[in-house]
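Take a look at the structure set out below.
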Amino acid sequence: MSELVDQIGYHDEKYYIEDNPVISDYEYDQLVKELQELEKNHPDLILPESPTQRVSGGPVEEFPQVEHKVAMLSLANSYSEEELREWDARVRRLLGDEKVEYVIEPKIDGLGIAIVYENGLLVRGATRGDGKVGEDVTQNIKTIKSIPLRLNPKGTLRTAEVRGEIYMPVEGLRELNRKREEAGEQLFANPRNAAAGSLRQLDPKVTASRPLDAILYTLSWMETGNQMPPTQDKCLEVMKESGLRTNPNNRKVDSIEKVLEHIDSWRTKREELEYQVDGVVIKVDSIEQQQRLGFTSKDPRWAIAYKYPPQQMTTKLLDIAVHVGRTGALTPVAVLEPVRIGGVTVSSATLHNEDEVTRKGLRIGDYVLVERAGEVIPQVVKPIVERRTGEEREFKMPVACPVCGSKATRDEGEAVRRCVNASCPAQVKERLIHWCSREAMDCEGVGPSLVNQLVDKGLVKDVGDLYSLEQQDLMGLERIAEKTSSNIIEAIKGSVNADFDRVLFALGIRHVGRTTAQVLAEKMESMDRIHRATVEELSRTEGVGQIVVKAIREFMDNPQNLQLIGKLRKAGLKMEMGKRSTGGPLEGKVFIFTGELESMPRTEAQALVMSLGGRITDSVSKSVDYVVVGSEPGSKYEKARSMDKTIMNERQFLELVKKK
Ligand code: IVH
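See the structure below:
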């Protein structure tokens, strides 16, 4: 077991730290599987640093407080060349004009963290807190794969504290926000909030589901008797040798001129990084010089942050539109005179909720300052009050839904106003779009434009109506040719094969995202059981919190929703987890299809498999046995290949079913 832990640790380092894996994912999975097997049979021998312990402890009530070994200070900020030159002059003056070298590091927009290793094992992780006392988030940081649970024994670090930044990659944030939007949840405005919100979760499983990463930049403490490396540059090297992820974009230079050059060259280059960089941190390289320079009351004198100016522009706030979402939430949206900010044209920005509009004091017709931080959603910062003419209008959040005219109410303690009418066309449309989306039922070809027409023409009133659509219903619609209409009908009909967890997700229950739906489906097994489950029963499902439970109960207690579920059941949608035992010759075998088949439509082939006792799934995972590939296969093919699955073409598939 210890050997396997070593091997897996080695491959984690290759994969997560060096970006240079030396075995395939499949081989890696085999190692983990073998370890899991051994641990199952010898639970008393599970090593604390075992990779299977990344998510171990259950949720906590609150985070215990921990005192930092060394105060965790922040940094003074600077915004101009002039300020940096002054800082450099002061540093050199205080050091009596000695030679000074600087290390320049990207300043990642995330959350500072202090991690303690004892005898090479990760024992604690804490947030900055007030600098002296932080929160113990050990269980949560253990879920971040790039943070080693054990230091590489080839390195020299054994018992030490290191510090760094926990961050959410820009792509990860975009994806997370997309999912949150789908689940009707509030979006994260920037990577820092997202990282903080994800790390400070009482249930480590939630943290584990978020795409967090980490880069370390400070060796803050070493056990007495150990020689601290003489420079920051060396500290980084020592950390790296011990398997800690440091930033490959750190640079050492010997003058402030070179610092300024570096800052300039990264001004645009930083946009290409996978994480958001809001500036650079400049540190005196020599630790001995750092100690002589010391601290002011709050910041080190030996380091400074330079912040790139945010990308801002002023433009006119033409209107404040009100968007009605899937859950009926009314969101004010700034309609802006299009303006280019950092290479992107911005013409709208969410204003989140009515309080936000009031807080910012925005009026329609105002000139406003708009900011785009990296790749993230543009924000209206403030109105330019000086430019007011008196023609501007106050914004009033409507108390009736702008789409259907029903009452829009705001519950006590909620920031959001919602349209109470579940049949509101805006809500119906959003629910349909969600239902058909790739992550949900994946009805290719059914997007916003078609959904608008279907609802406006009265062809579809809820997602259940999709399944009684016929080709001629689509023929009169705009931009729908004969071939397209048959493909669309085919896609809708095909979607009845989607697994139960997808159906559950596709229903669009508030706060029930993809992962929650999977967990629920797995645990509760059928729609009936979920419908009948009490609050207590639902709460017992790990990873399902009170808010989710409340939302599920509300959904299930609404007769309209039950009617819809009945309609979907009739249409043949799965209302329970796949049966594992059917007795057919393909019993227990899981098939996945990708691409078009020549001899029959895909749905027919899938029905054939099911009639022989096999199961159909639509996402490549460990449980898949056969991947049947037709012409022009999609991404599932690539994924299956990387996972080393049994792949067969149409001919091989036909032979297999013929033999049975
Ligand atoms: S050094 C006393 N290095 O920026 C030294 N901080 O504005 C303090 N940060 O709280 C930290 N990248 O969370 C340092 N390469 C880097 C950094 C960095 C991001 C964060 C850190 C700190 C904040 C200060």
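At the far end of the sequence shown sits residue 709, using the numbering used here, and the numbering has no gaps.
C-beta: ideal position from N, C-alpha, C; glycine also.
Cut-off 7 Å between Cβ atoms - residues of its own chain near S129, not counting five sequence neighbours on either side
Within the sequence shown, the letter at position 80 stands for residue 129. Once the five neighbours on either side are set aside, S129 has no close Cβ partner at all.
Please list, in chain order, all residues of the same chain as R700 whose beta carbon is under 8 Å from its beta carbon, the five residues on each side excluded.
The residue labelled residue 700 in the question sits at position 651 within the sequence shown. So the list is empty, once near-sequence residues are dropped.
Runs of beta strand (DSSP E) lying entirely within the region 392-453, each at least 3 residues, in chain order
393-399, 416-421, 428-432
So I369 packs on P427, CB below 8 Å; how close in whole Å?
Position 320 of the sequence shown, counting from 1, holds the residue named residue 369. Position 378 of the sequence shown, counting from 1, holds the residue named residue 427. Contact doesn't hold; Cβ gap of about 15 Å is too wide.
Please tell me whether D245 and I193 are closer than 7 Å, where the distance is taken between their beta carbons.
Locating residue 245 in the sequence shown gives position 196, counting from the first residue. Locating residue 193 in the sequence shown gives position 144, counting from the first residue. Reading the sequence as shown, one finds Ala at residue 245 and not Asp. The Cβ atoms of A245 and I193 do not sit closer than 7 Å to each other.
Please report how far the alpha carbon of S630 lies from the alpha carbon of E62, in whole angstroms.
Walking along the sequence shown from the start, residue 630 turns up at place 581. Walking along the sequence shown from the start, residue 62 turns up at place 13. Residue confidence for S630 is low, a pLDDT of 44 falling below 50, so the modelled location carries little weight and cannot support an answer.
Given a cut-off of 7 Å, decide if D348 and Q281 are closer than it, judged by their beta-carbon atoms.
As a working note, residue 281 is residue 232 in the sequence shown. As a working note, residue 348 is residue 299 in the sequence shown. For Q281 and D348, no; Cβs fall outside 7 Å.
Using the three-state DSSP reduction, which class does T363 fall into: helix, strand or coil?
Here residue 363 is taken as the residue at index 314 of the sequence shown, counted from 1. Looking at T363 - three-state DSSP - the assignment turns out to be strand.
If you draw a straight line from the C-alpha of Y65 to the C-alpha of E443, how long is it?
Here residue 65 refers to the residue found at position 16 of the sequence shown. Here residue 443 refers to the residue found at position 394 of the sequence shown. About 51 Å.
Among K707, I529, N607, whose alpha-carbon lies nearest the alpha-carbon of L635?
By one-based count along the sequence shown, residue 635 stands at place 586. Comparing Cα positions, the closest option is K707.
Quick one, which of G169, L703, K694 has its alpha-carbon nearest Q78's?
For the purposes of this step, residue 78 is taken as residue 29 along the sequence shown, with counting starting at 1. It is worth fixing the name first, because residue 78 is Asp in this sequence and not Gln. Nearest of G169, L703, K694 to D78, Cα basis: K694.
Would you mind working out which of V149, I162, L268 sits nearest T208, comparing C-alpha positions?
As a position in the sequence shown, residue 208 is number 159, starting the count at 1. It is L268.
Could you give the DSSP three-state label for I153: helix, strand or coil?
In the sequence shown, the residue the question calls residue 153 occupies position 104. I153: strand per DSSP, three-state reduction.
Would you list the one or two residues that DSSP bridges to A378?
Here residue 378 corresponds to residue number 329 of the sequence shown, with the count starting at 1. According to DSSP, which records beta bridges pairwise, A378 is partnered with R467.
With the cut-off set at 7 Å, would you say C485 and V373 are in Cβ contact?
In the sequence shown, counting from the first residue as 1, residue 485 sits at position 436. In the sequence shown, counting from the first residue as 1, residue 373 sits at position 324. The Cβ atoms of C485 and V373 do not sit closer than 7 Å to each other.
So, at 8 Å on beta carbons, what are the nonlocal neighbours of I433 in its own chain, with the 5 sequence-adjacent residues on each side left out?
As a position in the sequence shown, residue 433 is number 384, starting the count at 1. Closer than 8 Å at Cβ, skipping near neighbours: T363, D415, Y416, V417, L418.
What is the DSSP secondary structure of R241, reduced to helix, strand or coil?
To locate residue 241, count along the sequence shown from 1; it is residue 192. The answer is helix: DSSP assigns R241 an H, G or I state.
Could you check what DSSP says for E603 in three-state terms: helix, strand or coil?
The count along the sequence shown starts at 1 and reaches residue 603 at position 554. Here E603 sits in helix by DSSP.
Neighbour flag for E645 against chain C, beta carbons, 7 Å:
Among the chains in the structure shown there is no chain C, since it carries only a single protein chain.
Kindly examine the ligand IVH and report whether one of its heavy atoms sits closer than 6 Å to the Cβ of Y216.
Reading the sequence shown from its first residue, position 167 is the one you call residue 216. No - the ligand IVH has no heavy atom lying nearer than 6 Å to the Cβ of Y216.
Considering only the beta carbon of each residue, do R241 and D158 sit closer than 7 Å?
Position 192 of the sequence shown, counting from 1, holds the residue named residue 241. Position 109 of the sequence shown, counting from 1, holds the residue named residue 158. Taking 7 Å as the Cβ cut-off, R241 and D158 qualify as a contacting pair.
Which of the three DSSP states is assigned to D491 in this structure?
Working through the sequence shown from its first residue, we reach residue 491 at position 442. In the structure shown, D491 sits in coil (DSSP, three-state: anything other than H, G, I, E or B).
Which residues in the same chain as E98 place their Cβ atom closer than 7 Å to its Cβ, once the five residues preceding and following it in sequence are excluded?
Against the sequence shown, residue 98 aligns to sequence position 49. Hits under 7 Å: V54, L170, L198, R199.
Comparing C-alpha positions only, which one of S691, E687, L646 sits nearest to L703?
To locate residue 703, count along the sequence shown from 1; it is residue 654. Minimum Cα distance to L703 is reached at L646.
How many angstroms separate the CA atom of L657 from the CA atom of D548?
Within the sequence shown, residue 657 is the residue found at index 608, counting from 1. Within the sequence shown, residue 548 is the residue found at index 499, counting from 1. Their backbone Cα atoms lie some 17 Å apart in a straight line.
Can you check which of these residues, T317, K318, R294, C284, is closest to E337 by C-alpha distance?
The sequence position of residue 337 within the sequence shown is 288, counting from 1. The shortest Cα separation from E337 among T317, K318, R294, C284 belongs to C284.
State the Cα-Cα distance for the pair K203 and Q56, rounded to the nearest angstrom.
Here residue 203 is taken as the residue at index 154 of the sequence shown, counted from 1. Here residue 56 is taken as the residue at index 7 of the sequence shown, counted from 1. Approximately 14 Å between the Cα atoms of the pair.
Check Y216 in the structure and name its three-state DSSP category.
Walking along the sequence shown from the start, residue 216 turns up at place 167. Strand.
Just to check, is the beta-carbon of V495 closer than 6 Å to a non-hydrogen atom of the ligand IVH?
Sequence index remark: in the sequence shown, residue 495 carries index 446 (1-based). Flag unset: Cβ of V495 not near the ligand IVH.
Beta-bridge partners of P278, as assigned by DSSP:
As a first step, residue 278 is located in the sequence shown; it is residue number 229 there, counting from the start. According to DSSP, P278 bridges with nothing at all.
Could you tell me the distance, in whole angstroms, from the CA atom of R236 to the CA atom of L481?
To locate residue 236, count along the sequence shown from 1; it is residue 187. To locate residue 481, count along the sequence shown from 1; it is residue 432. A small correction: the amino acid at residue 236 is Leu; Arg does not occupy that position in the sequence shown. Their backbone Cα atoms lie some 21 Å apart in a straight line.
Residues sharing a beta bridge with D185, DSSP:
Here residue 185 corresponds to residue number 136 of the sequence shown, with the count starting at 1. Per DSSP, A175.
Measure the Cβ-Cβ separation of R319 and V330 and say whether it is below 7 Å.
Within the sequence shown, residue 319 is the residue found at index 270, counting from 1. Within the sequence shown, residue 330 is the residue found at index 281, counting from 1. No; because the gap between Cβ atoms is not below 7 Å, this pair is not in contact.
First through last residue of the beta strand (DSSP E) which encompasses S269:
Position 220 of the sequence shown, counted from the first residue, corresponds to residue 269. Here the beta strand (DSSP E) through S269 covers 262-271.
Could you spell out where the beta strand (DSSP E) holding A354 opens and where it closes?
By one-based count along the sequence shown, residue 354 stands at place 305. Run containing A354: 352-356, per the beta strand (DSSP E) assignment.
Would you give the residue range spanned by the alpha helix (DSSP H) that N733 belongs to?
Since the first residue of the chain shown is 50 and the last is 709, residue 733 is not available in this structure.
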